[in-house]
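Colleague: My questions will all concern the structure given below.
There are 2 protein chains.
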Amino acid sequence: MAEGEDMATTTLGVREPVADDSRTDILLAAADCFMERGYAATSVDDVARRLGATKGRIYHHFPSKADLFTGVFRHGMDRIYAAVEPYRNMPGPAVERWKKIAFVHTVRMMRSKTLARVVWEGVEMHLRGATTPEQRVVLADLVQYRNGYSDIFRRTISQARDEGDFDFDDVAITVQSMFMALNSPIFWYVPRDGETEEHVTGIAKQIVTFAYRGLGGKGELNL
Amino acid sequence: MAEGEDMATTTLGVREPVADDSRTDILLAAADCFMERGYAATSVDDVARRLGATKGRIYHHFPSKADLFTGVFRHGMDRIYAAVEPYRNMPGPAVERWKKIAFVHTVRMMRSKTLARVVWEGVEMHLRGATTPEQRVVLADLVQYRNGYSDIFRRTISQARDEGDFDFDDVAITVQSMFMALNSPIFWYVPRDGETEEHVTGIAKQIVTFAYRGLGGKGELNL
DNA sequence: GTCTATATGGTGATAGAC
DNA sequence: GTCTATCACCATATAGAC
Numbered sequence: 009m010a011e012g013e014d015m016a017t018t019t020l021g022v023r024e025p026v027a028d029d030s031r032t033d034i035l036l037a038a039a040d041c042f043m044e045r046g047y048a049a050t051s052v053d054d055v056a057r058r059l060g061a062t063k064g065r066i067y068h069h070f071p072s073k074a075d076l077f078t079g080v081f082r083h084g085m086d087r088i089y090a091a092v093e094p095y096r097n098m099p100g101p102a103v104e105r106w107k108k109i110a111f112v113h114t115v116r117m118m119r120s121k122t123l124a125r126v127v128w129e130g131v132e133m134h135l136r137g138a139t140t141p142e143q144r145v146v147l148a149d150l151v152q153y154r155n156g157y158s159d160i161f162r163r164t165i166s167q168a169r170d171e172g173d174f175d176f177d178d179v180a181i182t183v184q185s186m187f188m189a190l191n192s193p194i195f196w197y198v199p200r201d202g203e204t205e206e207h208v209t210g211i212a213k214q215i216v217t218f219a220y221r222g223l224g225g226k227g228e229l230n231l
Numbered sequence: 009m010a011e012g013e014d015m016a017t018t019t020l021g022v023r024e025p026v027a028d029d030s031r032t033d034i035l036l037a038a039a040d041c042f043m044e045r046g047y048a049a050t051s052v053d054d055v056a057r058r059l060g061a062t063k064g065r066i067y068h069h070f071p072s073k074a075d076l077f078t079g080v081f082r083h084g085m086d087r088i089y090a091a092v093e094p095y096r097n098m099p100g101p102a103v104e105r106w107k108k109i110a111f112v113h114t115v116r117m118m119r120s121k122t123l124a125r126v127v128w129e130g131v132e133m134h135l136r137g138a139t140t141p142e143q144r145v146v147l148a149d150l151v152q153y154r155n156g157y158s159d160i161f162r163r164t165i166s167q168a169r170d171e172g173d174f175d176f177d178d179v180a181i182t183v184q185s186m187f188m189a190l191n192s193p194i195f196w197y198v199p200r201d202g203e204t205e206e207h208v209t210g211i212a213k214q215i216v217t218f219a220y221r222g223l224g225g226k227g228e229l230n231l
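Chains P and G supply the protein sequences, listed in that same order. Counting from 9, one number per residue, gives the positions in the first sequence under this note's numbering. Counting from 9, one number per residue, gives the positions in the second sequence under this note's numbering.
Spelled out as structure tokens, the structure:
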């Protein structure tokens with residue numbers, strides 16, 4: 009299956025995605041390695057070592073290193089998208105919708121830091137156009153996916169500006185500045201062991217506040 | 009010479025740094041390659057090809073690929089630092105100093121995008137700790153250099169807050185958000201051929217405005 | 001100072017045993 | 001489904017000709 013997940017019926021009778029464990033294990037080990045060393049510097053043997061296995065296992069499930077990468081990329085995008093999805097069509101003023109999706113996005117950047125960084129590198133790779141001809145098509149698809157995601161934010165801040173709640177000039181420039189700010193924790197945030205939920209949300213609030221004001225939002229955030 | 013530059017007397021009798029051209033040519037070709045494909049994915053042959061030479065030339069001037077990278081990193085940091093240096097001790101309110109250095113920093117990100125990206129990757133590499141034991145020491149030194157640079161901004165926004173011109177909670181989190189926003193053009197800005205100075209400064213102003221407001225700055229920027 | 005070999009090790013990928 | 005063994009290739013770095 010191209011998706012890497014099958015639909016299975018649980019004991020509760022709910023149909024939900026249940027990945028075959030081998031594949032997800034590989035995906036997560038790969039995500040760790042790609043985050044730590046980057047795609048190019050990571051060897052398939054590295055991933056295998058992390059798994060406590062040899063590369064035979066990996067090549068049985070993924071035809072190539074590039075496919076392994078796109079697998080992680082897709083998995084990461086799914087998680088990011090899923091966090092925002094419930095709120096993207098929330099009724100009411102656009103600015104309130106923005107607050108919600110910006111917040112869950114930022115929390116997701118911290119909670120799924122590893123996957124988020126691989127997604128980031130994938131976008132970077134695509135922007136540089138440094139992939140082989142055929143991989144380009146695959147990666148282009150995934151970047152399309154990711155562009156659809158950023159469009160959610162673009163439309164939202166645009167609408168909020170129309171409604172008089174935000175104030176900025178060029179949308180394209182502004183949405184980039186905003187995203188970079190919201191994504192920033194993937195580069196410096198280090199998850200700690202006994203970390204409270206409040207600690208994470210506290211950091212996220214500050215980042216979202218920065219972006220909120222940057223967009224020209226008035227008053228307090230009250231997340 | 010460890011610096012890669014000799015002091016030479018020009019025909020005007022002024023002593024100024026004159027890099028031996030071979031070295032700088034290599035440095036710039038390497039910067040191009042590192043930006044386009046990243047450090048790990050760039051081979052020394054790639055750099056040589058870009059130079060229209062073979063790797064013998066490169067290894068005559070740089071002992072290793074890693075040294076080539078740190079050479080580019082240092083060169084990039086020098087340029088970035090040099091742009092801000094004239095204003096870092098400017099008298100007057102800290103907020104005015106911030107406006108100046110934030111603006112020249114952002115313009116520099118666009119004008120020296122290639123070098124700026126290599127510096128970025130160097131910092132990233134260091135944060136990941138993905139270098140060999142001995143390179144670590146060298147890179148650590150350079151990251152120290154780069155940290156000193158970001159401290160300029162940290163102190164400035166901190167002081168501006170004390171003077172009542174900025175308003176934010178945690179300095180560490182805020183300075184990261186701010187830097188990410190100011191650095192954002194290195195990922196999406198594409199220099200065009202007949203580009204006017206106004207076009208570049210126009211983009212920079214919008215980015216700096218976003219950051220200024222994000223920091224809690226009041227009123228207009230008036231750069 | 002730059003080039004043309006070349007030594008040496010690692011990497012992606014495959015074949016076949018179990 | 002996973003492992004071992006192996007191939008072909010590419011990359012870093014060096015040695016020595018010019």
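From the three backbone atoms N, C-alpha and C, an ideal C-beta is built for every residue, glycine too.
Going by DSSP in three states, Met117(G) sits in which element: helix, strand or coil?
Modeller: helix
Colleague: Kindly indicate if chain P contains any beta-carbon less than 8 angstroms away from that of Gly44(G).
Modeller: Here residue 44(G) turns out to be Glu, not Gly, going by the sequence shown. Yes, because at least one Cβ of chain P sits closer than 8 angstroms to the Cβ of Glu44(G).
Colleague: Could you compute how far the alpha carbon of Ala90(G) sits from the alpha carbon of Ile211(G)?
Modeller: Approximately 21 angstroms between the Cα atoms of the pair.
Colleague: Which term fits Lys226(P), buried or exposed, when burial requires 16 or more other beta carbons within 10 angstroms of its beta carbon?
Modeller: exposed
Colleague: Just the chain P side, please: which residues come within less than 7 angstroms of Ala49(G) by C-beta, in chain order?
Modeller: Correct list: Ala48, Ala138.
Colleague: What is the DSSP secondary structure of Lys226(G), reduced to helix, strand or coil?
Modeller: coil
Colleague: Against chain G, does Arg221(P) count as a neighbour if the rule is that its beta carbon must be under 8 angstroms from one of theirs?
Modeller: yes
Colleague: Could you tell me which chain G residues have their CB closer than 9 angstroms to the CB of Asp40(P), listed as they occur along the chain?
Modeller: The premise fails here: Asp40(P) is roughly 12 angstroms from chain G at the closest Cβ pair, so nothing lies under 9 angstroms.
Colleague: By the criterion of Cβ-Cβ separation under 7 angstroms, what are the contact partners of Asp177(P) in chain G?
Modeller: Gln214
Colleague: Within 10 Å of its beta-carbon, does Asp170(G) have 16 or more other beta-carbons around it, so buried, or fewer, so exposed?
Modeller: exposed
Colleague: Rounded to a whole number of angstroms, what is the C-alpha to C-alpha distance between Tyr220(G) and Val151(G)?
Modeller: 26 angstroms
Colleague: To the nearest angstrom, how far is it from the Cα of Val216(G) to the Cα of Ile109(G)?
Modeller: 10 angstroms
Colleague: Taking all protein chains shown into account, decide if Tyr130(G) is buried (16 or more other Cβ within 10 angstroms of its Cβ) or exposed.
Modeller: It should be pointed out that residue 130(G) corresponds to Gly in this sequence rather than to Tyr. So Gly130(G) ends up on the buried side.
Colleague: Drop a sphere of 10 angstroms on the beta-carbon of Val179(P), count the other beta-carbons inside from all chains shown, and report buried for 16 or more, exposed for fewer.
Modeller: exposed
Colleague: Got a sec? Which residues, its chain only, sit under 6 angstroms from Arg96(P) by beta carbon, not counting five neighbours each side?
Modeller: Ile160
Colleague: Residues of chain P with CB closer than 9 angstroms to the CB of Thr62(G), please, in chain order.
Modeller: Neighbours of Thr62(G) on chain P: none; closest Cβ ~23 angstroms, over 9 angstroms.
Colleague: Do Ala49(G) and Ala38(P) come within 8 angstroms of each other at the CB atom, strictly closer than that value?
Modeller: no
Colleague: Using three-state DSSP, classify Leu135(P) as helix, strand or coil.
Modeller: helix
Colleague: Taking the straight line between their C-alpha atoms, what separation do you get for Met4(G) and His69(G)?
Modeller: Residue 4(G) lies beyond the residue range present for chain G, which begins at 9 and ends at 231; the question has no answer from this structure.
Colleague: Using alpha carbons as the reference points, say which of Leu35(G), Ser166(G), Glu206(G) lies closest to Trp106(G).
Modeller: Here the closest residue by C-alpha is Ser166(G).
Colleague: With H, G and I counted as helix, E and B as strand and the rest as coil, what does DSSP make of Val145(P)?
Modeller: helix
Colleague: When the Cα atoms are used, what is the spatial distance from Phe77(P) to Met117(P)?
Modeller: If I take the Cα positions, the gap works out to 19 angstroms.
Colleague: Please state whether the Cβ-Cβ distance between Leu59(P) and Asp33(P) is less than 8 angstroms.
Modeller: yes
Colleague: If you run the structure through DSSP and keep just helix, strand and coil, what is Ala74(G)?
Modeller: helix
Colleague: For the alpha helix (DSSP H) containing Phe195(P), list its first residue and its last residue.
Modeller: 193-196
Colleague: So, does the CB of Gly130(P) fall closer than 8 angstroms to a CB anywhere in chain G?
Modeller: Closer than 8 angstroms to the CB of Gly130(P) there is not a single CB belonging to chain G.
Colleague: Helix, strand or coil for Leu231(G), going by three-state DSSP, please let me know.
Modeller: coil
Colleague: Let me check understanding here. Comparing Cα to Cα, which of Arg82(G), Glu104(G), Met98(G) lies closest to Glu228(G)?
Modeller: Glu104(G)
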